[in-house]
Amino acid sequence: MRKLSLAVIGMYLSMVQAFSQAPVTDSSGYKPKKLKLDEINFVSSYYDQTADKSAVMGGEPGPGGVANVTDFANGIDLTLIGWDKKKRKNTLALGIGLDYHTAASQAYVDSNGTSKNDGTRIYPTINWTRENEQKGTSFGLGAYYSAEHNYYHSIGLNALVSKKNKTNGEFSLKVVGFFDQINMIHPAEFYPVDSVKNTQSSDSIVYRTSASGQTEAFVYNNGQLVSNTKSRKPQTPTEARNTYTASLGFTQVINQRMQGSVEMDLVYQTGYLGLPFHRVFYNTGKDTIENLPSQRFKLPIGFRLNYFLGDRVILRSYYRFYIDSWGLTSNTFNLEVPVKITPFFSVSPFYRFYAQTAARYFAPYKVHSESDVYFTSNYALANFNSSLFGAGIRIAPPKGVFINNLRTLEIRYAHYMQTTDLNANIISFNLTFK
Amino acid sequence: MNRQTMARFLFAFFFASVLVSCAHVKEYQKSRINDSEMSLSSRHIEKNEQNAESYREGSSGANGGKTGGGCGCN
């Protein structure tokens, strides 16, 4: 009996040893890799718009409210990838964008259309993500800055977490905060009268303050301009606008040919939500500056469904429903159909339809009453439909386009038209280097 | 419940049903799913288009783009 007991204990210990975990030794020869440049993306676009009813001119129809715009936007993004000691993938994305625009309406911040009508915008970004592929989890942090000379600057911060499940699904949560400072540049007629001294005489110094707040000293001698010097720019008052967003997302592989996603944003904005150079003309003919509530809640929810049809055609569909606390609702539907002419060359026609109802504070030119508490004539908040259509081509041969490192070349043209008589064309290029 | 609300409810129900009725797809069966044009996000090249839309339209968000921040960008 004793022998039998010892034999049983011996067998048990043997089994325990057989199933026990051996000390963790990495026999795979794994070595962490430092961050290394993986991809460079260069996107460039030219946008050309013709429109009237500009917000600066209070939605005035016709040439008086001209809202023609050109915008040349360029952005470069660098992606660096590395692997740490715990086999986690680290991705660092660095980007910078630079836009140059002309806006006919911007000239009318001054009352006679002589303000500067062009400007630049610069917007660097940095995002870091750590992904644990074994656990299917990701965590990321990011920061964003944007500034348009004279008008505003904005800082954005974001954090992201995501978790994959065993059935090819992924949940994500992203929180974002944008902290803007808007320079309170009013149309010229709202500047204090004593800031513009037009007391020209034969021997005098004339000080002029432009709509952008810059003061110039003009020195006259016997009626001849001797010099003009720009004085130190006086401090333009600013107002804050903060935007807080929580984005919830879920993506799911449905079968071998189909996958879909749902994304919902909960957005809360507070602060100065209008723009100080947007005029509103009352029904009496008198003008003022738009006034909007200092809070806004937004709830957009978007659905994507992509389907690979046969061997050459992909259907990329998107629908969004949007509602906010200003009474604006909208529906967006987008369909893009990439057709693979060869495995490395595709043509993608697309169509986007958008329809929105007006915000309750919107009224056209000379319709608002002086008794209104909140008012705007910005047609971005009007009732309208819009269509965007065009096509793109994508070339991505395995040995590169022209050179080995240029892995993808994309060109895309789109025509945009609103029922407010706004029409625009945009052409974009994307180069991806590996 | 008006017709529009009913239509939205039915759409959401249909979409949720599609998402939960998924088949288990193994890694080696994802050649089509992993095609770069099947990506469930906007393309890089659409970035400036989306930016222009957010300036000219009253709504934004739920498309991977910005939901606010910046001059005039609702």
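Taken in order, these protein sequences are the chains called A and B. So in the numbering used here, the last spot in the first sequence is 459, and the numbers never skip. So in the numbering used here, the last spot in the second sequence is 1270, and the numbers never skip. Backbone N, C-alpha and C fix where the C-beta goes; we use that ideal spot for every residue, glycine too. Please read these numbers as outputs of a predicted model, since none were measured by experiment.
Asked	Found
Output needed in chain order: residues of the region 314 to 339 of chain A with a Cβ under 7 Å from some Cβ in chain B.	323, 325, 326, 327, 328, 329, 331, 333 and 339
From A:137, A:426 and A:331, pick the residue whose C-alpha is nearest to that of residue 280 (chain A); which is it?	A:331
For residue 457 (chain A) and residue 426 (chain A), what's the separation of their Cα atoms in angstroms?	10 Å
Which bits of chain B does residue 347 (chain A) rub up against, with CB to CB less than 9 Å?	1254, 1255, 1256, 1257 and 1258
Cβ of residue 384 (chain A) less than 8 Å from any chain B Cβ?	yes
Are the Cβ atoms of residue 187 (chain A) and residue 163 (chain A) separated by less than 8 Å?	yes
Cβ atoms of residue 98 (chain A) and residue 1259 (chain B): under 8 Å apart, would you say?	no
Any idea what DSSP makes of residue 315 (chain A), helix, strand or coil?	coil
Alpha helix (DSSP H) containing residue 1246 (chain B): first to last residue?	1243 to 1252
From the DSSP output, in three-state form, read off residue 384 (chain A) for me.	coil
Less than 8 Å separating the beta-carbons of residue 106 (chain A) and residue 160 (chain A)?	no
What is the rounded straight-line gap between the Cα of residue 57 (chain A) and the Cα of residue 431 (chain A)?	27 Å
In chain B, which residues lie less than 9 Å from residue 155 (chain A) when you measure between Cβ atoms?	In chain order: nothing, as chain B lies at least about 20 Å away.
Applying a beta-carbon distance threshold of less than 8 Å, which residues of chain A neighbour residue 1225 (chain B)?	281
Taking Cβ-Cβ distances shorter than 8 Å, what residues in chain B pair up with residue 77 (chain A)?	Here the premise fails: no neighbours, minimum Cβ distance about 13 Å.
Cβ of residue 1237 (chain B) within 8 Å of Cβ of residue 1261 (chain B)?	no
Let me see if you follow: with CB-CB separation under 8 Å, is residue 1203 (chain B) close to chain A or not?	no
Between the beta-carbon of residue 385 (chain A) and the beta-carbon of residue 412 (chain A), is there less than 8 Å?	no
Quick one: which chain A residues come within Cβ less than 7 Å of residue 1314 (chain B)?	Lying before the first or after the last residue shown, residue 1314 (chain B) is absent from chain B, which here runs from 1197 to 1270.
Nearest by alpha-carbon distance to residue 406 (chain A): which of A:59, A:84, A:72 and A:63 is it?	A:84
Mind checking the region 413 to 428 of chain A against chain B and listing, in chain order, the residues whose C-beta falls within less than 7 Å of any C-beta there?	417
Helix or strand or just coil, what does DSSP make of residue 1279 (chain B)?	Since the displayed chain B opens at 1197 and closes at 1270, residue 1279 (chain B) lies outside it and no answer follows.
I want to verify the contact list: residues of chain B whose CB lies under 7 Å from the CB of residue 140 (chain A), in sequence order.	Per Cβ cutoff of 7 Å: no residues; residue 140 (chain A) is ~15 Å from chain B at best.
When burial is assigned at 16 or more other CB atoms within 10 Å of the CB, is residue 55 (chain A) buried or exposed?	exposed
Cα-Cα, which of A:147, A:276 and A:126 is closest to residue 189 (chain A)?	A:276
Could you check which residue in A:199, A:192 and A:203 has the C-alpha nearest to that of residue 170 (chain A)?	A:203
How should residue 336 (chain A) be labelled, buried or exposed, when 16 other C-beta atoms within 10 angstroms of its C-beta is the threshold for buried?	exposed
For chain B, find out if any of its Cβ atoms is closer than 8 Å to the Cβ of residue 455 (chain A); answer yes or no.	yes
From this set, A:454, A:392, A:362 and A:399, which residue's C-alpha is nearest residue 1233 (chain B)'s C-alpha?	A:362
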